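Q:
In our numbering, the protein residues as written are 1176 to 1357.
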């Protein structure tokens, strides 16, 4: 059996953390569960990351980074007028992975909880990643601020409806085939 490097093991921890945090949230997920999923001891986990919050932050920023990259890639070779739909389609494909969707929702809850407890630093790190997603989307869309805001708002609405488990044929989805571009 080939041994993993620390960087490869770190990557496997991030992937496992996305799965575990998506299912249990920040407070409901133990580092023991993440270590077990990766197949390492809990002390080894803390050689890779200083604490649970650092693991969550790595998983959260990875989730946002992959979303940003997928949408930028979708818009890369598309004329500006087609970027909107290409990016929307790319996002819908990402959300086919329920763990990614749930992780996004857990991120928002974790930031609100941390800030309620007086921890602004955690939220700042997440907001920086989210701002990168917004900026990247804004550039790829070639849109004005209002259009980018509307695009992102539709994405958030999609997150909420999907998280709530509305089936694809439910009436709440009826207007999503005609998401406005302007």
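Beta carbons are placed, not taken as given, at the ideal position from N, Cα and C, and that holds for glycine. All figures in this text were calculated on a predicted structure; none of them were measured in a lab.
Suppose you measure from the CA of residue 1241 to the CA of residue 1274; what does that come to, to the nearest Å?
A: For residue 1241 and residue 1274, the distance between alpha carbons rounds to 13 Å.
Q: Only counting runs of 4 or more residues, tell me where the alpha helix (DSSP H) segments fall wholly within the region 1215-1288, in order along the chain.
A: Whole alpha helix (DSSP H) segments, 4+ residues: 1217-1223, 1227-1251 and 1255-1269.
Q: If you draw a straight line from the C-alpha of residue 1189 to the C-alpha of residue 1237, how long is it?
A: The alpha-carbon atoms of residue 1189 and residue 1237 are separated by roughly 8 Å.
Q: Given a threshold of 16 other Cβ atoms within 10 Å of its Cβ, counted over all protein chains shown, does residue 1204 qualify as buried or as exposed?
A: Counting Cβ neighbours within 10 Å, residue 1204 comes out buried, since at least 16 surround it.
Q: To the nearest whole angstrom, what separates the beta carbons of residue 1220 and residue 1209, a pair I think is in contact under 8 Å?
A: Confirmed, Cβ separation roughly 6 Å.
Q: What three-state label does DSSP hand residue 1327 in the structure shown?
A: Helix.
Q: Please work out which residues of its chain come closer than 6 Å, Cβ to Cβ, to residue 1320, disregarding the five sequence neighbours upstream and downstream, and give them in chain order.
A: Contacts found: none.
Q: Determine the direct distance from the alpha carbon of residue 1213 to that of residue 1347, and round the result to whole angstroms.
A: Going by the C-alpha atoms only, they are around 38 Å apart.
Q: Going by DSSP in three states, residue 1345 sits in which element: helix, strand or coil?
A: Residue 1345 falls in the coil class under three-state DSSP.
Q: What three-state label does DSSP hand residue 1178 in the structure shown?
A: If DSSP states are grouped into helix, strand and coil, residue 1178 belongs with coil.
Q: Leaving out five residues before and five after residue 1298 in sequence, what residues of the same chain have Cβ atoms less than 7 Å from its Cβ?
A: 1286, 1289 and 1290, listed in sequence order.
Q: Look up residue 1336 in the DSSP assignment and say whether it is helix, strand or coil.
A: The answer is helix: DSSP assigns residue 1336 an H, G or I state.
Q: Note the first and the last residue of the continuous alpha helix (DSSP H) segment covering residue 1206.
A: Its alpha helix (DSSP H) spans residues 1206-1213.
Q: By the 10 Å Cβ neighbour count, where 16 or more other Cβ atoms means buried, how is residue 1330 classified, buried or exposed?
A: So residue 1330 ends up on the buried side.
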